[in-house]
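Numbering (our numbering), first residue to last: 134 to 443. Backbone N, C-alpha and C fix where the C-beta goes; we use that ideal spot for every residue, glycine too. Here the structure is a predicted model, which means the values were calculated and not measured.
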């Protein structure tokens, strides 16, 4: 039987997995959030006005969907992103119509009316505690594409496209390319070796190196950036790490090698005097960095370099 205390690489990997496990949302908070968006789903499906007769689906997007959640720090709320997917073509409505229909439906409930906040293109529910839910309404682009959505944009005057289901599928397929994740090989031994007072869920050793790598870099991002205006977004970090991942089997290798490739790609773009862009892998027309200024680019590279050095 392997002795973890004599295997430095296994110790390092196990510690990284434990740290990432501690970072993610705990089970009680996860259940609370799932209960919250299922309740919203039930409310909308029972609506006897706008949504009556329409096929709709309410589902989580972002980190919750791909298994890379990280607990908020510094008193911040966890942002739970939810999609209200209306299975009807967008050209039957205006962005303002579907947005107002969502607001009106929620306002019928006194609780939601009290905690509701209208944002630019979504509706936010501010729950007591440490999370809020952003509900983004969207419709099908046509009768044949039921995965993609058209969502309100620019003060509810136009539409833009999105595909949260497609992005999640893309990420999780890449995460599964590690042929034999290092910790998974020893999961049974590690779980048996735990003392009775420190039992861990098997998930701690079974999540992919890519998922764990994303969790760890997001937490380092949270700590590093004092100026939130230039903080690198989760979608940029998640996309980059997945794009440069090459099936590394350990969390450490994932972080070390992927960040090294990102740095090399950034410097190559810089030396060729072209912009380093992060494009949505599901929609090549969407540039996640289209609003970046020189300050954003400098902040990004300084963070990536600092993280890799540490």
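Should residue i go down as buried or exposed, given a rule of 16 or more other Cβ atoms within 10 Å for buried?
i           : result
residue 225 : exposed
residue 426 : exposed
residue 342 : buried
residue 188 : exposed
residue 232 : buried
residue 361 : exposed
residue 397 : exposed
Helix, strand or coil: how does DSSP classify residue i here?
i           : result
residue 255 : coil
residue 363 : helix
residue 436 : helix
residue 273 : strand
residue 234 : helix
residue 214 : strand
residue 219 : strand
residue 264 : strand
Below 8 Å between beta carbons: does that hold for residue i and residue j?
i           : j           : result
residue 399 : residue 409 : yes
residue 251 : residue 236 : yes
residue 359 : residue 156 : no
residue 433 : residue 365 : yes
residue 338 : residue 150 : yes
Are any of the Cβ atoms in chain C nearer than 8 Å to that of residue i?
i           : result
residue 351 : In the displayed structure, chain C is absent; only one protein chain is listed.
Express the C-alpha separation of residue j and residue i in angstroms, rounding to a whole number.
i           : j           : result
residue 390 : residue 184 : 48 Å
residue 307 : residue 243 : 43 Å
residue 255 : residue 216 : 9 Å
residue 312 : residue 281 : 30 Å
residue 418 : residue 202 : 27 Å
residue 368 : residue 294 : 16 Å
residue 435 : residue 193 : 32 Å
residue 160 : residue 404 : 46 Å
residue 191 : residue 197 : 13 Å
residue 438 : residue 153 : 21 Å
residue 344 : residue 257 : 27 Å
residue 491 : residue 195 : No statement about residue 491 is possible, as the shown extent of the chain runs from 134 to 443 and does not include it.
Which full runs of the alpha helix (DSSP H) of 4+ residues lie inside the region 282-308, going along the chain? 297-308
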